[in-house]
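Just below is one structure, and these are the notes that go with it.
Residue numbers (the numbering used here): 5 to 229.
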């Protein structure tokens with residue numbers, strides 16, 4: 005039996021999840037802003053409900069960003085600490101991809117999802133994906149952009165998801181969509197599902213190599229027109 009415990013704290017919410025051979029158990033607290041004090045008790049509650057010890061899991065997964073600087077650091081540091089203590093391997097998962105899969109779960113008729121987070125300072129974190137089942141295929145590099153400078157994407161059957169939908173007016177010049185989910189956010193359940201392939205294929209890292217992804221220090225140019 006493959007078991008993965010996942011942690012996601014990149015937004016205001018805090019969630020933890022256990023993936024066991026296709027079955028997912030999740031604990032989710034929206035709008036908590038108390039990740040530092042809640043995440044470890046939530047992990048303990050999750051494991052108690054599942055009736056297992058953390059030492060019995062195969063790997064830990066975490067939402068590695070982009071997102072709230074503090075929130076991403078919380079997930080990274082907690083996973084590193086747990087992994088060090090039990091010599092567990094780690095998988096980092098894109099929070100944008102996790103959000104895209106969460107949005108697709110709620111509106112499965114949309115296979116193409118643009119995940120866009122409000123990055124403050126008049127910018128957005130941006131990623132475009134093709135979703136199906138427990139898989140997400142990135143259709144371009146993730147990046148941070150001014151809303152009016154996101155990559156141009158063909159087609160109009162996109163689902164626009166995430167907190168960055170507040171910039172819809174600016175985004176319309178670069179993207180046409182057929183649906184919007186402003187409440188979509190990354191969740192530990194989707195982080196766990198996206199980590200499965202990496203765990204089974206041995207694409208994990210030791211605790212010291214688990215690192216956050218902020219994107220702000222990355223210059224990306226994709227398909228601009």
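Think of the CB as a built atom: it goes at the ideal place given N, C-alpha and C, for glycine as much as any other residue.
message: Which residue wins for smallest C-alpha separation from residue 35, given the options 143, 187, 218, 170?
response: Comparing Cα positions, the closest option is 187.
message: In the DSSP output, what is residue 116 paired with across the bridge?
response: Looking at the DSSP assignment, residue 116 forms a beta bridge with 134.
query: Going straight from the alpha carbon of residue 150 to that of residue 102, what length do you get?
result: Residue 150 and residue 102 have their C-alpha atoms spaced approximately 22 Å apart.
query: Anyone know if the C-beta pair for residue 66 and residue 212 falls short of 9 Å?
result: In this structure, residue 212 does not lie closer than 9 Å to residue 66 by Cβ.
- prompt: How many Å lie between residue 39 and residue 117 at the Cα?
  reply: Looking at the two C-alpha atoms, the distance is approximately 27 Å.
message: With H, G and I counted as helix, E and B as strand and the rest as coil, what does DSSP make of residue 37?
response: Residue 37 falls in the coil class under three-state DSSP.
message: Let's see if you can read the secondary structure: which residues bound the beta strand (DSSP E) around residue 7?
response: Taken as a continuous stretch (DSSP letters only), the beta strand (DSSP E) holding residue 7 covers 7-12.
- request: Run the CB neighbour count on residue 80, radius 10 Å, all protein chains shown included, and call it buried at 16 or more, exposed below.
  value: Buried.
- prompt: Can the beta-carbon of residue 164 be found less than 9 Å from the beta-carbon of residue 129?
  reply: Their beta carbons are not under 9 Å apart, which means residue 164 does not touch residue 129 by this criterion.
- prompt: Using the rule of at least 16 other Cβ atoms within 10 Å of the residue's Cβ for burial, across every protein chain shown, is residue 131 buried or exposed?
  reply: Residue 131 comes out buried.
Short Cβ contact (9 Å threshold) for residue 178 with residue 153: Annotated as proximal: residue 178 and residue 153, with beta-carbon spacing under 9 Å.
- request: Under 8 Å Cβ to Cβ from residue 172, same chain only, skipping five residues before and after it: list those, please.
  value: Same-chain partners within the cutoff: 164, 184.
task: Indicate the three-state DSSP secondary structure (helix, strand or coil) for residue 129 in the structure shown.
output: In the three-state DSSP reduction, residue 129 falls in the strand class (E or B).
task: Mark residue 137 as exposed unless 16 or more other C-beta atoms lie within 10 angstroms of its C-beta, in which case mark it buried.
output: Exposed is the label assigned to residue 137, since fewer than 16 other Cβ atoms lie within 10 Å of its Cβ.
field: Where residue 125 falls, given that 16 or more other Cβ within 10 Å makes a residue buried
entry: The Cβ neighbour count for residue 125, taken over all protein chains shown within 10 Å, is under 16; the residue is labelled exposed.
message: For residue 160 and residue 55, I'd like the C-alpha separation in whole angstroms.
response: If I take the Cα positions, the gap works out to 46 Å.
- prompt: Do residue 217 and residue 72 come within 9 Å of each other at the CB atom, strictly closer than that value?
  reply: In this structure, residue 217 does not lie closer than 9 Å to residue 72 by Cβ.
message: Going by DSSP in three states, residue 94 sits in which element: helix, strand or coil?
response: In the three-state reduction of the DSSP assignment, residue 94 falls in the strand class, which pools E and B.
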